[in-house]
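Q: Residue numbers (numbering that gives the first Met the number 0): 0 to 200.
The structure's right below; bear with me while I get my questions together.
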Amino acid sequence: MRSTLKRRGAQVLQIASIVIAAFYLIFSTLASGAAEVRYEPTPMDVVREMLLLADVRAGDVVYDLGCGDGRIVVAAARAGARSVCVDIDPQRLAEARANAQAAGVSERIEFRNEDLRNTDFADATVVMLFLSAEMNRLLKEKLLCARPGLRVVSHWHAMPDWPPERSIRAMSEMGERPIFLWIVRNDTRDPRSRNGSKCAR
0 MRSTLKRRGA
10 QVLQIASIVI
20 AAFYLIFSTL
30 ASGAAEVRYE
40 PTPMDVVREM
50 LLLADVRAGD
60 VVYDLGCGDG
70 RIVVAAARAG
80 ARSVCVDIDP
90 QRLAEARANA
100 QAAGVSERIE
110 FRNEDLRNTD
120 FADATVVMLF
130 LSAEMNRLLK
140 EKLLCARPGL
150 RVVSHWHAMP
160 DWPPERSIRA
170 MSEMGERPIF
180 LWIVRNDTRD
190 PRSRNGSKCA
200 R
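Structure representation (structure tokens):
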């Protein structure tokens, strides 16, 4: 009788271990992929509206975080801005370089193969985003710590607890698309950027 109970107890523990391991695997996979961004090109109609909303012009330094095929940085370079195309995928950067070359604006664009979460955009006057809600959340603190005057434009996703200065809805072949604009100001910057702690530069 005791041996039977022991066997049953061992079986229960084994099943419980398998269930716990399965839940851990699922949770870990979801957590690691929470900030992943699925590539989807921004419709050109939306690109034009993003540049207009940010008032991009000659003299601007435009960063596109997750630049994909480079259509935003190419359009910004055509407007006279200097652009920085940041993407973790070498294939996308190769496409972006080819598109910049075809447009004749390669000399105005810098290409960076890196994780956008580690990008130093201290010289940016404009930051363009078409990421995910979670990635926007992760970048928000870094953006708030940027120098005052930085314009941030996001296609589709807003920022948690940071109301936009303006928002519009752009029509494209993909339907109506929301676009948001924020401007980093002294009164919206993270207080830590002023007290010399986490955001100190």
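Every residue, glycine too, gets a C-beta built ideally from N, C-alpha and C.
On the DSSP bridge list, what partners appear for W181?
A: Here the question's residue 181 lines up with position 182 in the sequence shown. Paired residue(s): V151.
Q: Could you check what DSSP says for V45 in three-state terms: helix, strand or coil?
A: What you label residue 45 is simply residue 46 of the sequence shown in a count that begins at 1. DSSP places V45 in helix when its eight states are reduced to three.
Q: Between G69 and A95, is the Cβ-Cβ spacing less than 8 Å?
A: Within the sequence shown, residue 69 is the residue found at index 70, counting from 1. Within the sequence shown, residue 95 is the residue found at index 96, counting from 1. Contact flag set, yes.
Q: Assign R56 to one of two classes, buried (16 or more other C-beta atoms within 10 Å of its C-beta) or exposed (fewer than that).
A: Counting from one through the sequence shown, the residue named residue 56 turns up at place 57. Exposed: under 16 other Cβ atoms inside 10 Å.
Q: Below 8 Å on the Cβ atoms is my contact criterion, and I expect V73 with V36 to pass it. Report the Cβ-Cβ distance as a whole number of Å.
A: To locate residue 73, count along the sequence shown from 1; it is residue 74. To locate residue 36, count along the sequence shown from 1; it is residue 37. With 8 Å as the limit, V73 and V36 do not qualify as a contact, their Cβ atoms being about 20 Å apart.
Q: Whole angstroms are fine: how far does the CA of A123 sit from the CA of D186?
A: On the sequence shown, residue 186 is found 187 positions in, with the first residue counted as 1. On the sequence shown, residue 123 is found 124 positions in, with the first residue counted as 1. Cα to Cα, the separation comes out at about 19 Å.
Q: I need the DSSP call for E133, collapsed to helix, strand or coil.
A: Taking the first residue of the sequence shown as 1, we reach residue 133 at position 134. Of the three classes helix, strand and coil, the one that applies to E133 here is helix, per DSSP.
Q: If we count the other Cβ atoms within 10 Å of its Cβ and call it buried at 16 or more, is F26 buried or exposed?
A: As a position in the sequence shown, residue 26 is number 27, starting the count at 1. At F26 the pLDDT is 34, less than 50, meaning the model places this residue with poor confidence; the figure from the coordinates comes in the next sentence. Looking at its Cβ environment, which holds fewer than 16 other Cβ atoms inside 10 Å, F26 is exposed.
Q: Looking only at C-alpha atoms, which of P147, M170 and R188 sits nearest to W161?
A: The sequence position of residue 161 within the sequence shown is 162, counting from 1. Ranking the options by Cα distance to W161, first place goes to R188.
Q: Let me check understanding here. Comparing Cα to Cα, which of A101, L142 and E106 lies closest to R244?
A: Absent from the model: residue 244. The displayed extent of the chain is 0 to 200, so no value can be given.
Q: Measure the C-alpha to C-alpha separation of L203 and C84 and round it to an integer number of angstroms.
A: Examination of residue 203 is not possible in this model, given that the chain is present from 0 through 200 alone.
Q: By Cβ distance below 8 Å, which residues in the same chain neighbour R77 in space, the five residues on each side in sequence not counted?
A: Here residue 77 corresponds to residue number 78 of the sequence shown, with the count starting at 1. Answer for R77: A102 and V104, listed in chain order.
Q: Just the C-alpha distance for A99 and I108, rounded to the nearest angstrom, thanks.
A: Residue 99 sits at position 100 when you count from the first residue of the sequence shown. Residue 108 sits at position 109 when you count from the first residue of the sequence shown. Each residue's Cα considered, the two are about 8 Å apart.
Q: Take the Cβ of N112 as the centre, count every other Cβ of all protein chains shown within 10 Å, and call the residue buried at 16 or more, exposed below.
A: If you number the sequence shown from 1, residue 112 lands on position 113. With fewer than 16 other Cβ atoms within 10 Å, it is exposed.
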